[in-house]
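Here's the structure we're looking at; comments come further down.
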Amino acid sequence: MPKTQSPAIDLGPAEKILSEMKNTEPDSLIPILQKLQEAYGYLPVPVLKWVSGQTGIPTSRMHGVITFYTQFHTKPHGRHTVRICEGTACHVKGSPRISERISKELEIEPGATTKDMRFTFEIVACMGTCFLAPVMMVDEDYYGQLKPDKIKSILEKYE
Amino acid sequence: MAEVKITLDGRKVNCRSGRTILEIAGENGVDIPHLCHDDRLTPTGACRLCLVEIEGQRGLQTACTREAEDGMVIRTATKEIMSMRRATLELLISEHRLSCTTCDSDGDCLLQDYAYQYQVNENRYPFLHRKIRDFNYTSYNLAIKYDPSKCISCQRCVKICREVQGAEALTIRGRTADVIISTGLDLPLKESPCETCGQCVSTCPTGALYEYPARRLARAKDLRKVRTTCNYCGVGCQLDLNVHRRTGKIVRVTSETGVIPNDGNTCVKGRFGFDFISSEERLRVPLIKEEGIFREASWDEALSLAARRLTGLKDKYGPQALAGLSSARTTNEENFVMQKFVRAVLGTNNVDHCARLCHASTVAGLARAFGSGAMTNSIAEIGRAPVIFVIGSNTTECHPIIGINIRKAVAGDKTKLIVADPRRISLAGIADIHLRQRPGTDVALINALMNVILSEGLEDSRFIAERTEGFEEIHDSIMKNTPEFAEKITGVPAEAIRRAARVYAGAESASIIYSMGITQHTSGTDNVMALANLAMMSGNVGKEASGVNPLRGQNNVQGACDLGALPNVYSGYQKVDDPAARGKFEAAWGCALPAVPGLTVVEIMNAAAVGEIRGLYIMGENPMLSDPDINHVQKGLENLDFLLVQDIFLSETARLADIVLPACCFAEKNGTFTNTERRVQRVRKAVEPPGEALEDWRIIGNLAEKMGYSMNYRSAEEIQEEICRLTPSYAGITYPRLEKTGLQWPCPDVSHGGTQYLHKDSFARGLGKFHLVEFLPPREMPDSEYPIILTTGRMLEHWHTGTMTRKCRVLDDLVPQGALEISESDAGRLGVKSGDLLIVSSRRGKIEVKANITNRVPEGTVFMAFHFHEHPANALTIAALDPIAKIPELKVCAVKVEKSGR
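First to last, the sequence lines map onto chains A and B. Its first residue numbered 1, the first sequence is counted upward by one per residue in the numbering used here. Its first residue numbered 160, the second sequence is counted upward by one per residue in the numbering used here.
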């Protein structure tokens, strides 16, 4: 069974966000989640439970939204985010082999974070830069027309 | 309503506007396949199977989401549509693990039906079904299981949890092909807001969601369904017991969409609370106690001995030394026979039952005010009331199906909800106004509401003038009971009282819903009469969706009262001290009947303790847990010369008996129950009783025979025929007429269709009567020695004294033991955390129970459910009685809470 309880977490930032937003309607769910993630770096489960109790927005609705959008994550994020595109163009141009190599270099599966919290590795649908296929992003930097052998040196640039 | 004319597959069809093509097609015998549609839900349009062609419109349209418009020409089965549907089904099949040979849903699966009907190619696409993962939200759950590999993502479970149950436990997790059903934050179901109602299982069109206890026990073809009435609360849900043709055991409980009153929905008890029926602990043969130990006996021996003992006591001490307790758990027929036995055979009116402990004050109060002590409106009307005022009823837990009707009405934004309850119950969370009065201060609160109505001129003067009397007598007293005065007594801010009064009185129609939070007080009858005053003053009674609605607790407490299991009336509330009524029953029963009203439940226990009652016959009741101050009850029962108990289990009370007789439970007999909305509904035999157990009516009849009085009924229906003859309000209620939906009394003759709501043009007593009621504090208030108020009640997962529900695996797993709800501040003062053991004591007893720290209760008040024999709440409660209705004050007593040394 997954552990859902984590050690005590500071609710201060969440309290501040809710008090600043005043009237929280069900429609305000996405802005709430964005602000919480900004404040905590991710969406800690105890914070979500607390916010649900305060706003009356059920955790089920939160969860539906959080798992729909790739922008939200419920686990602590690494210092850097590696995103590999697996849209049609990138797929055809060999992105699965790039993904494999990233997994091998970082020793994690897509969706996970390295133990040293250095990288979080995500697969995304399309970055709108198909002319660069296959493409990946590290934080805000694009790397296009990738070959598996280039991966190691790119990742080494990020501490 | 406007009418639209459409052409459906070449046929001209007229129909009401505002309806979908799917609905209209269904009504006209045109079969359109659909997997994501359920009549209980808003349209989804997810499964793409119900595609139809509408002339002049591009592409195909989903029939479940499109409203029919005038002039539409619709084709539902063109070649193109059929081929499209087949392709859609083939795609669905590729995501659904085909395991029909081993699936419990074989024969009860819409996907299977359509796959057959459209003769899909199972191998058109590669199998893409989701893997069965190590865990999902139903892992470790004993009630509900989810198999993602059979899920077709139709969203019905998610929508029913949200739209019908209002629990919102489920969600769609992820997106595109990775979509899966889960709870919020992937919590295990038990930790989510899930109420284990199983509505999700009921709507699942495949075998993806199923009842775990029924797993691998039967397929549709192995089962026969027996429609009956639930044996838990007073809602009277229509259930289908699914009985295995070979083993004769109940495999699962279902309900059919469209049934009255529950529309295919159930609560956790209705769906999962049936293990007790086949429990090994059921009584199978009569037991006779010899030297403190029970031994098995034959029916003949047990009944002969019982007859001898009862006759002996009657001869020696007179009929007044005998009494009978009837049961709100048993059928109408059995209650009728029990009161007939006590009156005609024992020769006394000392017959009562546990309605005394729940709604005696309702019967007394509403009879005085309106002339009839029953729910004025129907369950279906609740959702149509613009304002609902819930006071002293934890509806979502104690009457769950009515609870979901209220939630649904509020969620639809057409209904405003006012809740008055000391506890922050679930409904308080969605209420527009929550008035949190101190326990036992309801009269002050209700009078203050009326004060605002009069001060601000919100009363319905015409209604008061034309339909009521006695208004002038209460006017001055109400004017003194200002919101500020009430604030001091109730703790509710005066401004909140004003707002609530304006909302209630301002509504076109408004429904008051109350239950034991109002009735179980020494001021119970006053509370009820105050509510009646409030309703009459604002003209909110005698109309559809507008009235005063007591929610009856037990499955058949309404019927037990209706059929005369009360010390002062025969069936249909015909008074024993009215010579005409008595003469009628004497003639029918061929014997003289006593004219003096008998003793009530608590009075019988008191009389037993002092030796005035010598012999007691208890049918299907467990006063050793249900009655207030059980230490005193035990003394009374032990002091009896002879105690005869008839039950389905060896309950705490049966253990004290001299003779115990084994009875059938509801699933093993025929009869009727009357639900809280006065609807008489059929109970049907589904399974065979254990051992030699017999129907209660047959046991009573056999005992009467032994005592020389013939009550030799051959069937429950024969008893119902006698009820019809002797009871005006039930005169038109016959079994054949109850086949489909039951009938609501009054139903004076066989051509009468029953009565949806009461007091339409005039009250049962003619004019409605205002009664002057003023606030009186509860009998026992907190003091320095016992500084905290204890209030008691029920919870969703258990029932009454737990005799049945605690033997049900699912229910016992959900809540294996009781706990004392205590506020953070009180707990902080004691230095305890949730789960710590507490000692709770009152002047009458002491129990040990775990703490549940919660903001549901206010500071200075603790709450406990009374279901648990290990820590019985009624060891603490007080047997102080309402002077009119003789109902005990189970809702307020003073206790002391300490940390246990253990």
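Positions of the beta carbon are idealized from the N, C-alpha and C atoms, including for glycine.
Run through DSSP, which three-state label would B:G706 get?
strand
The beta strand (DSSP E) with B:K1009 in it runs from where to where?
K1005 to I1012
For the beta strand (DSSP E) that A:Y143 lies in, which residues bound it at each end?
D141 to Y143
Can you tell which of A:S28, A:V51, A:E140 and A:P31 has its C-alpha closest to the C-alpha of A:D10?
A:V51
What are the boundary residues of the alpha helix (DSSP H) that A:R97 is part of?
Unbroken alpha helix (DSSP H) run through A:R97: S95 to L106.
How many angstroms separate the CA atom of B:Q314 from the CA atom of A:L146?
Approximately 40 Å between the Cα atoms of the pair.
Specify the secondary structure class of B:F294 as computed by DSSP and reduced to three states.
Three-state DSSP puts B:F294 in coil, outside helix and strand.
Assess contact between the segment 704 to 711 of chain B and the segment 660 to 675 of chain B, defined as three or more Cβ pairs (one per stretch) separated by less than 8 Å. Is contact present?
yes
Proximity of B:G701 and B:K919 at Cβ, strictly below 8 Å
yes
Compute the distance between the beta-carbons of B:A236 and B:T179, then report whether it is under 8 Å.
Against a cut-off of 8 Å, the Cβ pair of B:T179 and B:A236 comes out as no contact.
Is the segment 846 to 856 of chain B in contact with the segment 441 to 451 of chain B, if contact means three or more CB pairs nearer than 8 Å?
yes
So, using beta-carbon positions, are B:M1023 and B:T951 closer together than 8 Å?
Going by C-beta atoms, B:M1023 is nearer than 8 Å to B:T951.
Counting pairs of beta carbons, one from the segment 830 to 844 of chain B and one from the segment 529 to 545 of chain B, are three or more of them closer than 8 Å?
yes
Closest to B:V999 by CA distance: which of B:A336, B:G987 and B:V1056 is it?
B:V1056
Alpha helix (DSSP H) segment containing B:P545, residue limits:
Unbroken run through B:P545: none, as it is neither H nor E.
Please specify which runs of the alpha helix (DSSP H), each continuous and at least 4 residues long, are wholly inside the segment 655 to 729 of chain B, giving them in chain order.
675 to 678, 683 to 696 and 716 to 721
Within its chain, find whatever has a CB closer than 7 Å to the CB of B:P352; leave out the 5 residues flanking it on each side and keep chain order.
If the five residues before and after B:P352 are omitted, its C-beta is found closer than 7 Å to the C-beta atoms of A326, E327 and A328, all from its own chain and listed in chain order.
Of all the options B:Q216, B:Q793 and B:A754, which has the alpha carbon lying nearest to the alpha carbon of B:A766?
B:Q793
In chain B, what lies closer than 8 Å to A:R61 by C-beta?
Around A:R61, the beta-carbon contacts reaching into chain B at under 8 Å are E327, T330 and G343.
B:G571 at chain A interface by Cβ criterion, 8 Å
no
Under 9 Å (Cβ pairs) to chain A, residues found in the segment 342 to 366 of chain B
T342, G343, L344, D345, L346, P347, E350, S351 and P352
Could I get the ranges of all uninterrupted beta strand (DSSP E) runs contained in the segment 462 to 501 of chain B, with 3 residues as the minimum, in chain order?
481 to 484
Checking contacts by CB at 8 Å: is B:K380 closer than that to chain A?
no
Where B:D198 and B:S414 are concerned, what is the direct C-alpha to C-alpha distance, given to the nearest angstrom?
14 Å
Quick check on B:R838: does DSSP put it in helix, strand or coil?
strand
Just reading off the beta strand (DSSP E) that A:T81 is part of, what are its end residues?
H80 to C85
Drop a sphere of 10 angstroms on the beta-carbon of B:N686, count the other beta-carbons inside from all chains shown, and report buried for 16 or more, exposed for fewer.
buried
Pop quiz: B:D272 and B:R378 are said to be a contact at Cβ under 8 Å. What is the actual Cβ separation, rounded to whole angstroms?
Going by Cβ atoms, the distance from B:D272 to B:R378 rounds to 14 Å, so no, they are not a contact pair.
Three-way DSSP call (helix, strand, coil) for B:Q358 in this model:
B:Q358 carries a helical assignment under DSSP once its states are collapsed to helix, strand and coil.
Among B:D265, B:G860, B:M954 and B:K499, nearest to B:P559 - alpha-carbon criterion:
B:M954
Return the residues of the segment 573 to 599 of chain B that lie within a Cβ-Cβ distance of less than 9 Å from chain A, sorted by chain order.
G588 and I589
Compute the Euclidean distance between the alpha carbons of B:Y776 and B:A482, then round it to the nearest angstrom.
6 Å
Take the Cβ of A:K75 as the centre, count every other Cβ of all protein chains shown within 10 Å, and call the residue buried at 16 or more, exposed below.
A:K75 should be labelled exposed.
Endpoints, alpha helix (DSSP H) assigned at B:R315
R315 to K318
Could you have a look at B:F929 and say whether DSSP puts it in helix, strand or coil?
coil
Buried or exposed: where does B:A132 fall if 16 or more other Cβ atoms within 10 Å of its Cβ makes it buried?
There is simply no residue 132 of chain B to check, as chain B begins at 160 and stops at 1061 in what is shown.
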